[in-house]
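These notes are about the structure you will find just below.
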Amino acid sequence: MTTRLTMLFLLGALAVPGLAAAKPGDRDFQHTFPAASRLCQRVADGNAPHRLAGSEDQVTAACATLQSVYDAAVAAAPGRDALEQAIEDAKASVQSACQGEDRSACRSARQAARASVKSARQSYRESARGYHAAIREARTAFWTTVKGLAASRQD
31 MTTRLTMLFL LGALAVPGLA AAKPGDRDFQ HTFPAASRLC QRVADGNAPH RLAGSEDQVT
91 AACATLQSVY DAAVAAAPGR DALEQAIEDA KASVQSACQG EDRSACRSAR QAARASVKSA
151 RQSYRESARG YHAAIREART AFWTTVKGLA ASRQD
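Just so we're aligned: 184 in this note's numbering is position 154 of the sequence shown, and the numbers increase by one with no gaps anywhere.
This is how it looks when you write it as structure tokens:
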């Protein structure tokens, strides 16, 4: 019976939503910012769009800023290692507590394991939200700069 409950707990803990999908920081710069990276490459190659002609230095600076913010966000992106370790630790503590005849110790170990996994999962989610917020803000700032340059060129 305890083996069945332990396995049920572990299956529930391992079914962490969102972990099967791409992790924050897995995509490279070109996939994270496809249009911006193409524009940056065009400007670097000397083929700036005519609406941005004369503003190549400012576009290059905006591209460098976007790249540096991306690099910082990837460096701060959460890893799954801490979450996976919390799950393994919870599994081990539940298995050891449920080996004996003391059902209350087993129940307490399961509750503590659930709390531990929940805390690790929440920490991972908060870190992932921070990563996505940084990427979103960088994208917005880049395109605001580029559109401002294009609009000033048309005046």
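Beta carbons: idealized from backbone N, C-alpha and C, even for Gly. A quick note: this is a predicted structure, and the numbers were derived from the prediction, not measured.
How about Ala107 and Ser146: do their beta carbons lie closer than 9 Å?
Your numbering for residue 107 matches position 77 in the sequence shown. Your numbering for residue 146 matches position 116 in the sequence shown. No, they are not a contact pair.
Segments assigned alpha helix (DSSP H), at least 4 residues, entirely inside the stretch 56 to 128:
59 to 62, 64 to 74, 86 to 105, 111 to 127
If you draw a straight line from the C-alpha of Ser153 to the C-alpha of Phe59, how long is it?
Mapped onto the sequence shown, residue 153 falls at position 123. Mapped onto the sequence shown, residue 59 falls at position 29. For Ser153 and Phe59, the distance between alpha carbons rounds to 25 Å.
Any idea what DSSP makes of Lys25, helix, strand or coil?
Not covered by the structure: residue 25. The range shown for the chain is 31 to 185.
Taking 8 Å as the threshold, find out whether the stretch 111 to 127 comes into contact with the stretch 73 to 87 through three or more Cβ pairs.
no
Determine, using beta carbons only, whether Leu113 and Arg151 come nearer to each other than 9 Å.
Within the sequence shown, numbered from 1, the residue matching residue 113 stands at position 83. Within the sequence shown, numbered from 1, the residue matching residue 151 stands at position 121. Yes, Cβ-Cβ distance for Leu113 and Arg151 is below 9 Å.
Closest by CA to Arg57, which one among Ile165, Lys177, Leu179?
Numbered from 1 along the sequence shown, position 27 holds the residue referred to as residue 57. Arg57 has its Cα closest to that of Ile165, out of Ile165, Lys177, Leu179.
From the DSSP output, in three-state form, read off Gly130 for me.
Counting from one through the sequence shown, the residue named residue 130 turns up at place 100. Note: Gly130 maps to coil in three-state DSSP.
From Glu86, Gly55, Asn77, Tyr161, residue whose alpha carbon lies closest to that of Leu179
In the sequence shown, the residue the question calls residue 179 occupies position 149. Per the Cα distances, Glu86.
By the 10 Å Cβ neighbour count, where 16 or more other Cβ atoms means buried, how is Leu49 classified, buried or exposed?
If you number the sequence shown from 1, residue 49 lands on position 19. Any reading at Leu49 must be qualified, since the residue scores a pLDDT of 43, below 50, and its modelled position is unreliable; no value is offered.
Alpha carbon of Ala83 to alpha carbon of Val99, nearest angstrom:
By one-based count along the sequence shown, residue 83 stands at place 53. By one-based count along the sequence shown, residue 99 stands at place 69. Taking the straight line joining both Cα atoms gives about 25 Å.
Just to confirm my understanding: we take Ala171, look at its own chain, exclude 5 residues before and 5 after, and list those with CB closer than 6 Å. What are they?
Walking along the sequence shown from the start, residue 171 turns up at place 141. Once the five neighbours on either side are set aside, Ala171 has no close Cβ partner at all.
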